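Going by UniProt numbering, the letters in the sequence shown line up with residues 1 to 431, in that order.
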Amino acid sequence: MAGPGILAAQHTIVSQPARASGPNAGADGSHDAAGDVAGRWTVNVDLVVVGSGFFGLTVAERCAEELGLRVLVLDRRDHIGGNAYSEDEPETGIEIHRYGAHLFHTSNERVWEYANRFTAFTGYQHRVYSTFKGRVYPLPINLGTICAYFGRAFTPDEARALIAEQAAEVTGPANLEEKAVSLIGRPLYEAFIRGYTAKQWQTDPRELPAEIITRLPVRYTFDNRYFSDTYEGLPVDGYTAWLERMADHPNIEVRLNTDFFDLRDDLVGRVPVVYTGPLDRYFGFAEGELGWRTLDFVTEVRPTGDFQGTPVMNYADEDVPYTRIHEFRHFHPERRHYPDDRTVIMREFSRFAERGDEPYYPINTAEDRARLLRYREMAGREDGVLFGGRLGTYQYLDMHMAIASALGMVGNRLRPHFTRGERLISGGVDR
């Protein structure tokens, strides 16, 4: 609930430009969290959060609910939820994940308890298969994969001995290919890693540094559950409904179609900011651009009730241009209203990101790491601004990791600032 002196304005998700009325309404019609006075916003919120993904909304919800703060959330997109956004495909009513499949899993009790405040979860357990030379194999590599690929039954001990023998081919690996072979042997590498990696990186694996991979898990059982976390499932009524419930607080206002950089001069230094956008962009790319890979998606309605029989199929052959196909109906087999004669598939393509693309996975070369250190030093000098989330820290974060990191920021940074007046500074970036 709102504390003393806190304006408990009705929760809104405003898609800019929006018209408003009242004494604080400015020339552009904005009001409530910030009003435009003589071309400059008057700040009457306690905290601004840039980005409405899981990190940003967790920070906003906890600060509004626990600390009684008025929070303004800004997002440049026309929807809430960042890359976790989901929507119903209009022709079929099948829920699709616009930015690729999102699977929730965690072993963190605190994160699981927090997530369950806003959604119930199905019992979904993720399983992945890979197509190679016209045959289908279970992933991650397990005893079933090994038996199917080599065409005979193996005991766990026999499989371990086989992989150890094949992996002994390489010692002192100098590139990604040699590193992978030293971990799982050449046959499995050629089948499941080489082509897929070449498509992901648009580069021959022999030209990629060995440190890109540190381990390739092999299970010597028939367990083909993709994740091994304690808790796993999908939100019963979808990701967008979950995220909207997080934002549904009287002290939170979400403004869509709003670029933080258009308002930066009116906000930074006048109100605390939690920034979850690209770290390099915040500093005007002063130290150069951090490298990312991006994804392109092609969505298609197919005239069949089942296209591939599984939610995600990887394509390991290098001559197949896409890396995988998602079929969204299989994420929710409990939904009986999905049509029997149509399905929705999404082909996924990977490439290097250019400026203006949506960044997905940090490349993290030696040059990137050197730039990141310099940006962290700059972030540590940015008083009143905290940097968090996947883009703001230049690291890949699963959803549960983003929530855990945001809860940590609230407890370790924001609460001490707002309750005890401690200086608000990131000390670099919050991870």
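Ideal placement from N, C-alpha and C gives every residue a C-beta, glycine not left out. Predicted, not measured: the structure shown is a model, and the values here were computed from it.
Over the uninterrupted alpha helix (DSSP H) stretch that includes residue i, give me the two end residues.
{"i": "residue 420", "result": "415–420"}
{"i": "residue 377", "result": "366–380"}
{"i": "residue 55", "result": "54–67"}
{"i": "residue 403", "result": "399–409"}
{"i": "residue 458", "result": "Given a span of 1 to 431 for the chain in the structure shown, any question on residue 458 remains unanswerable."}
{"i": "residue 196", "result": "194–201"}
{"i": "residue 143", "result": "143–150"}
{"i": "residue 275", "result": "Unbroken run through residue 275 is the beta strand (DSSP E), 273–275; no alpha helix (DSSP H)."}
{"i": "residue 183", "result": "176–184"}
{"i": "residue 156", "result": "156–167"}
{"i": "residue 433", "result": "Lying outside 1 to 431, the shown extent of the chain, residue 433 is not represented and no answer is given."}
Between residue i and residue j, which are expected to be in contact by the criterion C-beta below 8 Å, what is the C-beta distance as a whole number of angstroms?
{"i": "residue 76", "j": "residue 410", "result": "23 Å between Cβ atoms; not a contact."}
{"i": "residue 78", "j": "residue 257", "result": "5 Å"}
{"i": "residue 385", "j": "residue 275", "result": "6 Å"}
For residue i versus residue j, is the C-beta distance shorter than 8 Å?
{"i": "residue 328", "j": "residue 235", "result": "no"}
{"i": "residue 404", "j": "residue 73", "result": "no"}
{"i": "residue 175", "j": "residue 205", "result": "yes"}
{"i": "residue 345", "j": "residue 300", "result": "yes"}
{"i": "residue 360", "j": "residue 293", "result": "yes"}
{"i": "residue 184", "j": "residue 218", "result": "yes"}
{"i": "residue 67", "j": "residue 418", "result": "yes"}
{"i": "residue 144", "j": "residue 224", "result": "yes"}
{"i": "residue 363", "j": "residue 64", "result": "no"}
{"i": "residue 340", "j": "residue 305", "result": "yes"}
Could you tell me which residues DSSP puts in a beta bridge with residue i?
{"i": "residue 233", "result": "104"}
{"i": "residue 350", "result": "295"}
{"i": "residue 313", "result": "129, 325"}
{"i": "residue 344", "result": "301"}
{"i": "residue 96", "result": "87"}
{"i": "residue 135", "result": "132"}
{"i": "residue 250", "result": "In DSSP, residue 250 forms no bridge with anything."}
{"i": "residue 362", "result": "292"}
{"i": "residue 72", "result": "48, 253"}
{"i": "residue 118", "result": "Note: residue 118 sits in no beta bridge, so no partner."}
Taking the beta strand (DSSP E) that residue i belongs to, which residues open and close that run?
{"i": "residue 326", "result": "324–327"}
{"i": "residue 131", "result": "128–132"}
{"i": "residue 385", "result": "385–387"}
Chain E beta carbons: is any one of them nearer than 8 Å to that of residue i?
{"i": "residue 387", "result": "Looking for chain E here will not work: only one protein chain is present."}
Query raised in the report: Taking contact to mean at least 3 C-beta pairs separated by less than 8 Å, is the segment 380–395 in contact with the segment 278–295?
Result: yes
Query raised in the report: How do the segment 304–321 and the segment 205–214 stand: do at least 3 beta-carbon pairs fall below 8 Å, yes or no?
Result: no
Query raised in the report: Is the segment 191–211 touching the segment 94–113 in the sense that three or more CB pairs, one from each, lie closer than 8 Å?
Result: No, because fewer than three Cβ pairs between the segment 94–113 and the segment 191–211 fall closer than 8 Å, the two stretches do not touch.
Report task. Decide yes or no for the touch test of the segment 241–256 against the segment 51–58: beta carbon pairs closer than 8 Å, at least 3 of them. Result -> The segment 241–256 makes contact with the segment 51–58: 3 or more CB pairs, one atom from each, lie closer than 8 Å.
Requested in this report: For the segment 257–266 and the segment 329–341, state whether three or more C-beta atom pairs, one from each stretch, are separated by less than 8 Å.
Outcome: Touching, no, given that fewer than three Cβ pairs across the two stretches are closer than 8 Å.
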